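The UniProt record's numbering numbers the first residue of the sequence shown as 1 and each following residue consecutively. Heads up, the beta-carbon is just placed ideally off N, CA and C, and yes, glycines get one too. Please read all numbers here as calculations on a predicted model, not as lab measurements. Structure, as structure tokens:
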Amino acid sequence: MKKVLFVIIILTSFIGVAQTNIDSRPFIEVTGVAEKEVVPNEIYLDIPVEERIEKGRKITIQEIENELKKGLKSCGVPEENLSISNLNSKLVKTGWWNKEILATADYELKVNDASVLKDLFEIFERLKIKNAKITKASHDKIETIRKEVRIAAIKAAKEKADYLLNAIGEKTGKSLIIRDVGNQQINNFSFANTAYKQNKLMSREVKFKQGNIQFQNIKISSSIYVKFEIK
């Protein structure tokens, strides 16, 4: 009997302590949202190059690369931005009875200005380079921009709490909980240029005045949940 009574006393005491620890301060919960669009200044392209036979003569990888570098120079793209990522070969039938080993290569090109893309793809087409595509679009200050968007989101949360509480004659107190509930970066780009096709995503488009090449901005968004005490 004494043991049962002792357990009941402990449970009663625990419940009493738990009740006294409940935060009874009035509060308001808000979510601030911010977003920003930036024009990419780091655009990466994958350029597959294949040797071919024209009028009985082999057009080599080196010849195509040399012509490609000339084209890059005419567009103001540094030659150093072009690098080879893969080199291979394949056996190709070049006649009724003839077969020849032709080399293939994959190049990666970094471009810092989206405005040259149209000219580049025209160069690819002239050099009979097929299936070139954009693989990545970013910005050299992307981390700084992400921080700026998060800061804007939490400021938006504070502003929302201020005007809501001000409407009922209250004031915003200190933050009790801050939670980063959502960050998103949409790298949207699409290509529609004869032989070149790329996935289409939702975003505001930056279109070239000529041709049907389309390029889209990077959208960065952030949502911050904040629980504020009401003074």
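Opening and closing residue of the alpha helix (DSSP H) in which residue i lies
i, result
"residue 162", "142-166"
"residue 119", "117-126"
Cut-off 6 angstroms between Cβ atoms - residues of its own chain near residue i, not counting five sequence neighbours on either side
i, result
"residue 225", "31, 179, 181"
"residue 150", "222"
"residue 136", "44"
"residue 91", "99, 101"
Bridge partner(s) assigned by DSSP for residue i
i, result
"residue 228", "28, 175"
"residue 35", "221"
"residue 48", "106"
"residue 182", "223"
"residue 99", "93"
"residue 87", "105"
"residue 170", "Note: residue 170 sits in no beta bridge, so no partner."
"residue 43", "111, 137"
"residue 129", "Its beta-bridge partners do not exist; DSSP assigns none."
Simplified DSSP state of residue i, which is helix, strand or coil
i, result
"residue 64", "helix"
"residue 137", "strand"
"residue 193", "At residue 193 the pLDDT is 38, less than 50, meaning the model places this residue with poor confidence and gives no usable figure here."
"residue 114", "helix"
"residue 199", "Because the pLDDT at residue 199 is just 31, under 50, the model does not fix this residue reliably, and the value given afterwards should be weighed accordingly. Of the three classes helix, strand and coil, the one that applies to residue 199 here is coil, per DSSP."
Residue i, enclosing beta strand (DSSP E) - first and last residue
i, result
"residue 80", "Unbroken run through residue 80: none, as it is neither H nor E."
"residue 22", "It is not in any beta strand (DSSP E) - residue 22 carries neither H nor E in the DSSP assignment."
"residue 58", "57-59"
Cβ shell of residue i (< 7 angstroms), same chain only, five flanking positions each side left out
i, result
"residue 50", "102, 104"
"residue 72", "79, 82"
"residue 153", "32, 33, 34, 222, 223, 224"
"residue 160", "30, 32"
"residue 75", "116, 119, 120"
Residue i at chain D interface by Cβ criterion, 8 angstroms
i, result
"residue 226", "The chain labelled as chain D is not found in the depicted structure, where only one protein chain is given."
Residues of its chain near residue i, where Cβ-Cβ distance is below 8 angstroms and the 5 sequence neighbours each way are ignored
i, result
"residue 145", "36, 38, 139, 220"
"residue 164", "28, 30"
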